[in-house]
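A.B. asks:
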Amino acid sequence: MRALWGLAGVAVAFVCSMVAATGLENGEKRSGFDFMTPETQALQTDDMSNPGMLWVLQGEQLWQQPEGRAEIACAGCHGDAGQTMGGVAARYPAFDEAIGRPIDLAGRINSCRAARQRAEPLAPESDELLALTTYVAHQSRGMPVAPATDARIAPFRDNGRRLFQSRIGQLDLSCASCHDANWGRRLGGSVIPQAHPNGYPLYRLEWQAVGSLQRRLRNCMIGVRAEPFAFGAPEFVDLELYLMERARGLPIETPGVRP
Amino acid sequence: MVGLALAATVLVASPSTGGEVRSYAITGDAILQPLTGKQGDPARGAALMMDRQRSLCTLCHSGPFPEPHLHGTLAPDLAGVGARLSEGQIRLRVVDMRRLVPDTIMPSYYRIADEERRLAASWRGKPILSSADIEDIVVYLATLKG
Chain A
1183 MRALWGLAGV AVAFVCSMVA ATGLENGEKR SGFDFMTPET QALQTDDMSN PGMLWVLQGE
1243 QLWQQPEGRA EIACAGCHGD AGQTMGGVAA RYPAFDEAIG RPIDLAGRIN SCRAARQRAE
1303 PLAPESDELL ALTTYVAHQS RGMPVAPATD ARIAPFRDNG RRLFQSRIGQ LDLSCASCHD
1363 ANWGRRLGGS VIPQAHPNGY PLYRLEWQAV GSLQRRLRNC MIGVRAEPFA FGAPEFVDLE
1423 LYLMERARGL PIETPGVRP
Chain B
8 MVGLALAATV LVASPSTGGE VRSYAITGDA ILQPLTGKQG DPARGAALMM DRQRSLCTLC
68 HSGPFPEPHL HGTLAPDLAG VGARLSEGQI RLRVVDMRRL VPDTIMPSYY RIADEERRLA
128 ASWRGKPILS SADIEDIVVY LATLKG
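Chains as they are written, first to last, in the working numbering: chain A, 1183 to 1441; chain B, 8 to 153.
Given below as structure tokens:
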């Protein structure tokens, strides 16, 4: 009798997880913002209190500053970011002819530095690279995520989906185990969001700093005791392509704030 | 769905990696014999259950444990689990839930993870919990009668 009880319990839980595993339906797409406390939401929506705005300001300065052997600023080619950069973050990552694969926004900034400014690349997660990326992405705030429909990108996005659904690490969980099948439930004290990339780079209270999407993804990988991909790894760009497709239509929030 | 060999006893061979995982026998949906050959310590088990870094149990499960606001909601509440399940049934569920629910999110605590799944270097070649840890947890959970 006791054995039957146990089995029934397992069967019910199993059926529930099957139903939940169908992924995100359109009507239930929710930004990570929606899962936060009103206090943290207020921190994000008020520019005077959003700490990420400090990175935006720093990025604005760097945008104007001549760099490299070409001694030219981002503004020297692109002019007023408010006019030229709106919508860019909403469609990135984009296909890069030079390397024959998609590139993310931080990768594009570094490739402009190398090719146009003839300057050294900025290190991943350096304040400068985060500031410039945050500044550029901020120009798309409020615009819906709208990934490019470039056929050359499809195989990389497919690889991103495969990575999202693959179980990894000692805990043997996939991104989908948490973010498709169990979003809205709690892992310990934290609500599991749907894993949308629309707020990045963002200020995380736990980091006490702005960080990139890749930093967030590395945290999730380390959490399941997997070897994280290195900053700048092509796998991260593939994952971002899939996350952007999943987030299609959500507004860009950069700089977001998260707990 | 569960593919349980309800009557048969299945002997699971221990993997060859370092011998940290010993063999055990599955009878129905239970492992009847303690993995260590002796009863665990329920006080140690209670402490381990709440250890979010080591056992991780309360990341997913709630139950009659301290700090309920830090309990997860990904898994059944463990209150009364000792009344629902026998010690042997609890043991199999902690050792390898996947045998009962193939696509479960509950990690298999007594199994060497596959290195091809990007297993981080520091976790190679060992199960999540030792046989002694699991025995401590099993006897503790068996005391939760409701």
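Glycine included, C-beta positions come from ideal geometry on N, C-alpha and C.
If you drop the 5 nearest sequence neighbours on each side, which residues of the same chain put their C-beta closer than 7 Å to that of Ser-154/B?
C.D. replies: The first residue shown for chain B is 8 and the last is 153, placing residue 154/B beyond what the model contains.
A.B. asks: Considering Ala-32/B, what are the terminal residues of the beta strand (DSSP E) in which it resides?
C.D. replies: Here the beta strand (DSSP E) through Ala-32/B covers 31-34.
A.B. asks: Return no unless some Cβ of chain A is closer than 9 Å to the Cβ of Ala-139/B.
C.D. replies: For Ala-139/B, the answer is no, since every Cβ of chain A falls outside 9 Å of its Cβ.
A.B. asks: Can you confirm whether Gln-1240/A, when its beta carbon is compared against all beta carbons of chain B, has any partner nearer than 9 Å?
C.D. replies: Closer than 9 Å: no.
A.B. asks: Any beta-carbon of chain B closer than 9 Å to the one on Gly-1371/A?
C.D. replies: Taking Cβ atoms only, chain B reaches closer than 9 Å to Gly-1371/A, which makes this a yes.
A.B. asks: How many Å lie between Val-108/B and Gly-35/B at the Cα?
C.D. replies: The alpha-carbon atoms of Val-108/B and Gly-35/B are separated by roughly 14 Å.
A.B. asks: Which of the three DSSP states is assigned to Phe-1277/A in this structure?
C.D. replies: Correct three-state label for Phe-1277/A: strand.
A.B. asks: Given Gly-47/B, which residues of its chain have a CB within under 8 Å of its CB, disregarding the five upstream and five downstream residues?
C.D. replies: Excluding positions up to five away in sequence, the list reads Pro-41, Ala-139, Ile-141, Glu-142, Asp-143, Ile-144, Val-145, Val-146, Tyr-147.
A.B. asks: Compute the distance between the beta-carbons of Arg-1428/A and Ala-1363/A, then report whether it is under 9 Å.
C.D. replies: No. Outside cutoff.
A.B. asks: Going by Cα to Cα distance, which pick from Gly-1414/A, Phe-1411/A, Phe-1338/A, Ile-1374/A is closest to Tyr-1424/A?
C.D. replies: Answer by Cα proximity: Phe-1338/A.
A.B. asks: List the residues of chain A that Ala-86/B touches, going by C-beta distances under 8 Å, in chain order.
C.D. replies: Neighbours of Ala-86/B on chain A: none; closest Cβ ~13 Å, over 8 Å.
A.B. asks: Output the boundary residues of the alpha helix (DSSP H) element that contains Ala-1391/A.
C.D. replies: Element bounds for Ala-1391/A: not the alpha helix (DSSP H) but the beta strand (DSSP E), 1391-1393.
A.B. asks: Are the CB atoms of Leu-1373/A and Leu-1384/A nearer to each other than 9 Å?
C.D. replies: Residue identity check: residue 1373/A is Val in the sequence provided, not Leu. No.
A.B. asks: Please compile the residues from chain A whose C-beta is within a distance smaller than 8 Å of the C-beta of Pro-114/B.
C.D. replies: Correct list: Gln-1352, Leu-1353, Asp-1354, Leu-1355.
A.B. asks: Given Gly-95/B, which residues of its chain have a CB within under 6 Å of its CB, disregarding the five upstream and five downstream residues?
C.D. replies: Here the set comprises Ala-37, Ile-38, Leu-39.
A.B. asks: Measuring alpha carbon to alpha carbon, tell me which residue in Arg-124/B, Pro-114/B, Arg-105/B, Thr-111/B is nearest Arg-1344/A.
C.D. replies: Nearest C-alpha to Arg-1344/A: Arg-124/B.
A.B. asks: Determine the DSSP secondary structure at Glu-1249/A, reduced to helix, strand or coil.
C.D. replies: Here Glu-1249/A sits in strand by DSSP.
A.B. asks: I'd like the ranges of any alpha helix (DSSP H) spanning at least 4 consecutive residues and lying wholly in the region 1368-1418 of chain A.
C.D. replies: Complete alpha helix (DSSP H) runs here, min 4: 1395-1405.
A.B. asks: Tell me whether Trp-1389/A is buried or exposed, calling it buried when 16 or more other Cβ atoms sit within 10 Å of its Cβ.
C.D. replies: Its Cβ having fewer than 16 others within 10 Å, Trp-1389/A is exposed.
A.B. asks: If the cut is a Cβ gap below 8 Å, which residues of chain A does Leu-66/B touch?
C.D. replies: Ordered by position in chain A, the residues that pass the 8 Å Cβ test against Leu-66/B are Leu-1369, Gly-1370.
A.B. asks: For Leu-126/B and Glu-1253/A, which I take to be in contact (beta-carbon distance under 8 Å), what is that distance rounded to the nearest angstrom?
C.D. replies: Incorrect: roughly 48 Å between the Cβ atoms, too far for contact.
A.B. asks: So the beta strand (DSSP E) Pro-1284/A belongs to, where does it begin and stop?
C.D. replies: First-last of the beta strand (DSSP E) with Pro-1284/A: 1283-1285.
A.B. asks: Would you say Thr-80/B faces chain A, with C-beta separation under 9 Å as the test?
C.D. replies: Output row for Thr-80/B: interface = yes.
A.B. asks: So with CB distances below 7 Å, who are the chain B contacts of Ser-1231/A?
C.D. replies: Ordered by position in chain B, no residue passes the 7 Å Cβ test against Ser-1231/A, which lies about 26 Å from the chain.
A.B. asks: Taking 9 Å as the CB-CB cut-off, is Arg-61/B touching chain A?
C.D. replies: Chain A, which has no Cβ nearer than 9 Å to the Cβ of Arg-61/B, makes this no.
A.B. asks: Any beta carbon of chain B sitting closer than 9 Å to that of Asn-1341/A?
C.D. replies: Closer than 9 Å: no.
A.B. asks: For my contact list, Val-1327/A and Arg-1397/A are in at a C-beta cut-off of 8 Å; report their separation, rounded to the angstrom.
C.D. replies: With 8 Å as the limit, Val-1327/A and Arg-1397/A do not qualify as a contact, their Cβ atoms being about 20 Å apart.
A.B. asks: With 9 Å set as the bound, which would you pick, yes or no: does the beta-carbon of Ile-33/B sit closer than that to a beta-carbon of chain A?
C.D. replies: Cβ-Cβ to chain A under 9 Å: no for Ile-33/B.
A.B. asks: Tell me the residue span of the alpha helix (DSSP H) that contains Pro-97/B.
C.D. replies: A small fix is needed here, since residue 97/B is Ile in this sequence, not Pro. That run of the alpha helix (DSSP H) goes 94-103.
A.B. asks: Where do the ends of the alpha helix (DSSP H) carrying Leu-148/B lie?
C.D. replies: 138-149 is the extent of the alpha helix (DSSP H) around Leu-148/B.
A.B. asks: Consult DSSP for Leu-107/B and reduce its assignment to one of helix, strand or coil.
C.D. replies: Residue state, collapsed to three classes: coil.
A.B. asks: Report yes or no: is there a C-beta of chain A within less than 9 Å of the C-beta of Ala-127/B?
C.D. replies: Chain A, which has a Cβ nearer than 9 Å to the Cβ of Ala-127/B, makes this yes.
A.B. asks: Give a yes or no on whether the minimum CB-CB distance between Cys-1294/A and chain B is below 9 Å.
C.D. replies: So no, Cys-1294/A is outside the interface.
A.B. asks: Determine, for Asn-1401/A, whether the minimum Cβ-Cβ distance to residues of chain B falls below 9 Å.
C.D. replies: Closer than 9 Å: no.
A.B. asks: Residue ranges of each beta strand (DSSP E) run of no fewer than 3 residues wholly in the region 1302-1377 of chain A, ordered along the chain?
C.D. replies: DSSP runs (the beta strand (DSSP E)) wholly in the region 1302-1377 of chain A: none.
A.B. asks: Under 7 Å Cβ to Cβ from Gln-1223/A, same chain only, skipping five residues before and after it: list those, please.
C.D. replies: Correct list, in chain order: Phe-1215.
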